[in-house]
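Trainee: Right, I'll just put the structure down here and ask away after.
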Amino acid sequence: MSWSRVTALLGKELTDLRGRPGLFFPAIFTGAIATLLPLFIGVLVPAFTGERLSDSTDLQIALELYRQQPGARALEAEAAIQAALFQQFLVLLVLSPVAASMSLAAASVVGEKQARTLEPLLATPITTFELLLGKILGAFLPALVLSLACFALYVGTAALFAQPGVARMLLTPRPLGVVFLMGPMASLTALTLAVCVSSRVNDARSAQQLSVLVVLPITGLLIAQIAVGFVVTVPVILLITGVMAAMNVALIRLGVSLFDRETILTRWK
Amino acid sequence: MLLADSLTKTFGPRVAVERVSFDVHPGEIFALVGPNGAGKTTTLRMLAGLIQPSAGAVRFRGQPTAGSERTLRAGIGFLTEAPGLWDRLTVRQNLTVHARLHGLPRPDRAVDAAMDLFGITDRAAEPAAVLSKGLRQRVALARTLLHDPGAVLLDEPTSGLDPESARDVRELILRLRHERRAVLISTHNLDEVDRLADRVALLNTRLVALDTPQSLKARAFGTRVRVTFAGPADPHARTLHDAGFTDVRADGHTVSIGFEGAGRHTSDIVRRLVAAGADIEAVEPEEPSLEQVYLRLLKGETS
Chain A
-10 MSWSRVTALL GKELTDLRGR PGLFFPAIFT GAIATLLPLF IGVLVPAFTG
40 ERLSDSTDLQ IALELYRQQP GARALEAEAA IQAALFQQFL VLLVLSPVAA
90 SMSLAAASVV GEKQARTLEP LLATPITTFE LLLGKILGAF LPALVLSLAC
140 FALYVGTAAL FAQPGVARML LTPRPLGVVF LMGPMASLTA LTLAVCVSSR
190 VNDARSAQQL SVLVVLPITG LLIAQIAVGF VVTVPVILLI TGVMAAMNVA
240 LIRLGVSLFD RETILTRWK
Chain B
621 MLLADSLTKT FGPRVAVERV SFDVHPGEIF ALVGPNGAGK TTTLRMLAGL
671 IQPSAGAVRF RGQPTAGSER TLRAGIGFLT EAPGLWDRLT VRQNLTVHAR
721 LHGLPRPDRA VDAAMDLFGI TDRAAEPAAV LSKGLRQRVA LARTLLHDPG
771 AVLLDEPTSG LDPESARDVR ELILRLRHER RAVLISTHNL DEVDRLADRV
821 ALLNTRLVAL DTPQSLKARA FGTRVRVTFA GPADPHARTL HDAGFTDVRA
871 DGHTVSIGFE GAGRHTSDIV RRLVAAGADI EAVEPEEPSL EQVYLRLLKG
921 ETS
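The listed protein sequences correspond, in order, to chains A and B. The first sequence begins at -10 in the numbering used here and counts up by one. The second sequence begins at 621 in the numbering used here and counts up by one.
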């Protein structure tokens, strides 16, 4: 494998992306929702209604569960519930970069074909692995930057508007694991799948429709956390990250083996 | 330099190319002509290492390329039918990406040289999207030659260009011959082939004919001479008929005479006409267009 060729393609992808800022609107929208929801539920609603979160019997379970975390015991009940809400909605934040890069990744190969730029690209000595890796990284790196920017905004919002100590709880191993391990790995899995799908379908819309399915497991995780009180602990984060890393390796191998230059060049119109 | 050895390509039950063989030498412009669906682009793609032949082989610089298509792609420049530029990237960015994909040690220098060669340096900072079709084709040609390939494959290089841009591209192609590159052009423009090509292959899934343009013309139509007279040509046509020339066509003040071979017949015709008192104004070889040759050969193939 030649990193020089991968970075050449990656550079092209990033340059190309600079001319399409509209692609990031879905991510900014999702990031804003993820930031506003805990702020709304945990800070604004109690402030307007004058009712404390800790007075609600519904949130006592969340408090009990959350109190099991190291560092949470020192927080007052109100702050602990706010911290629990901010941590739960972190998983939604993980969806932001995926939303941003999904359309990019889904159009990566089929888009080149439709723009008639794929054949000159394939006429160079680039290998299929290098091509797919360049495409995946081209979608992933902007997603990662967005993810970090969204997280900084999230922590900043908590620091400004929530109870003292809530923002600090977002910088403990569990939320950091979600943001820096599970989130990027979920993005990578989604984008790898999207790029692979993009090389097997003959229009970008089909690729987007198929690859958007990878958002479902992450959404399921969010629902499980809220509905049944499932706690994403550090070991769970590590397990999910490990499984997704293995899936990534398998997916990219599958992508390389399924990438059929001949079919792409001769059958796609 | 580049050899197609009995190349065959099938897509399912459909045979796209059948047992096609030819070689392209350094410093030669070799034209591939044929109707739509004749297998020209498929042949180019096999020669460029983009698709695998179902049977037969490609040899580049004497070496078989099966299993080493990346090496083949590194040594060949392939201008695809569409310029295939990334619209949001500038001319320089487009070329730099390809220079790096080819692993050139000094991509910036190679890009500068290519832009200079193709006269596009002043457009370096412009996005490809704003370029005219002719300029896009120039940039695509510059991209094709960035890595200094020994063989160049050009798929419809002047298709859709205005006459001035097409002439510029033809001049660039002639330059490639001068630089001793092996040049293979696939085109529908037979006038262009007539002007540029050293040899022509007529493809219609199989190879119908392969020769120099002159030889193909002679093969299809024999040799013809046109004589122009000061007066009506009919009496002189009868004179030639009486002298044993069977293929004589009179039209106004000219007769067109066809015969096999070359040389002695032209002087014989002139001598007989002068002896019969003809007032001859001009004698010139009558050359069919390559289009006529193409249509005749293709008609023969079909029948």
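We treat Cβ as the ideally placed atom computed from N, Cα and C, and that holds for glycine.
1) Tell me which residues share the same chain as T24 of chain A and place their Cβ nearer than 7 Å to its Cβ, disregarding the 5 neighbours each side in the sequence.
2) Is F879 of chain B buried or exposed, if buried means 16 or more other CB atoms sit within 10 Å of its CB?
3) With respect to the beta strand (DSSP E) encompassing P905 of chain B, which residues constitute its N-terminal and C-terminal limits?
4) So T662 of chain B and A686 of chain B are supposed to be a Cβ contact under 8 Å. How far apart are they, rounded?
5) Out of curiosity, what's the CA-to-CA distance linking A658 of chain B and S641 of chain B?
6) Give the interface partners of I115 of chain A over in chain B, defined as CB-CB distance under 7 Å, in chain order.
7) Pairs of beta-carbons, one from the stretch 665 to 681 of chain B and one from the stretch 705 to 720 of chain B, closer than 8 Å: are there three or more?
8) For the beta strand (DSSP E) that contains I696 of chain B, what are its first and last residues?
9) Between D249 of chain A and chain B, is there a C-beta pair that is closer than 8 Å?
10) Where does Q683 of chain B fall in DSSP's three states?
11) Closer than 9 Å, Cβ to any Cβ of chain A: which residues of the stretch 733 to 766 of chain B, in chain order?
12) What distance in whole Å lies between the Cβ atoms of E906 of chain B and R846 of chain B, which are believed to be in contact at a cut-off of 8 Å?
13) Measuring straight from C-alpha to C-alpha, what distance separates V875 of chain B and A760 of chain B?
14) Mapping the DSSP letters down to three states, classify F738 of chain B as helix, strand or coil.
15) Tell me the rounded alpha-carbon separation between T807 of chain B and A651 of chain B.
16) How many angstroms separate the CA atom of I17 of chain A from the CA atom of G723 of chain B?
17) Name, in chain order, the residues that DSSP records as bridge partners for A624 of chain B.
18) Is P293 of chain A helix, strand or coil by DSSP?
19) At least one CB of chain A closer than 8 Å to the CB of R708 of chain B: is that the case?
20) With DSSP as the reference, label N237 of chain A as helix, strand or coil.
21) What does R844 of chain B pair with, by DSSP beta-bridge criteria?
22) From L149 of chain A to F29 of chain A, what does the alpha carbon distance come to, in whole angstroms?
23) When you check each C-beta in the stretch 853 to 865 of chain B against every C-beta of chain A, which residues fall closer than 9 Å?
24) Against chain A, does F698 of chain B count as a neighbour if the rule is that its beta carbon must be under 8 Å from one of theirs?
25) Report, in whole angstroms, the separation of the C-beta atoms of V190 of chain A and V87 of chain A, which I expect to be a contact under 8 Å.
26) Leaving out five residues on either side along the sequence, give the residues of the same chain with a beta carbon under 7 Å from the beta carbon of I229 of chain A.
27) Which same chain residues end up closer than 6 Å to R892 of chain B when comparing Cβ atoms and leaving out the 5 residues on each side of it in sequence?
28) Counting only C-beta atoms, is R797 of chain B closer than 8 Å to chain A at any point?
29) Does chain A have any CB closer than 8 Å to the CB of A694 of chain B?
30) Would you kindly report the start and end of the unbroken beta strand (DSSP E) that includes F118 of chain A?
31) Nearest to N237 of chain A by CA position, among A:L122, A:L137, A:M158 and A:T222, is which residue?
32) Alpha carbon to alpha carbon, how far is R758 of chain B from V789 of chain B?
33) Quick one: using the 10 Å Cβ neighbour count with 16 as the cut-off for buried, is M(-10) of chain A buried or exposed?
34) Under the rule that 16 or more other beta-carbon atoms within 10 Å means buried, what is N809 of chain B, buried or exposed?
35) Can you tell me whether DSSP reads T866 of chain B as helix, strand or coil?
36) Return helix, strand or coil for T710 of chain B, following the three-state DSSP convention.
Mentor: The structure says:
1) L142, Y143 and T146
2) buried
3) I900 to E906
4) Not really, about 17 Å apart at Cβ, beyond 8 Å.
5) 15 Å
6) L721
7) They do not touch, by the three-pair rule.
8) I696 to L699
9) Output row for D249 of chain A: interface = no.
10) strand
11) P747, A760, R763 and T764
12) 4 Å
13) 48 Å
14) coil
15) 7 Å
16) 37 Å
17) B:F642 and B:V678
18) A query on residue 293 of chain A cannot be resolved here, the shown segment of chain A reaching from -10 to 258 and no further.
19) Residue-level contact check: R708 of chain B touches chain A, since one or more beta carbons of chain A fall below 8 Å from its beta carbon.
20) helix
21) B:G878 and B:E906
22) Going by the C-alpha atoms only, they are around 13 Å apart.
23) none
24) yes
25) So it is not a contact: roughly 19 Å between Cβ atoms.
26) M171
27) A863
28) no
29) yes
30) No beta strand (DSSP E) holds F118 of chain A; the alpha helix (DSSP H) holding it covers T117 to F150.
31) A:L122
32) 7 Å
33) Looking at its Cβ environment, which holds fewer than 16 other Cβ atoms inside 10 Å, M(-10) of chain A is exposed.
34) buried
35) coil
36) DSSP, reduced to helix, strand and coil, places T710 of chain B within a strand of the structure shown.
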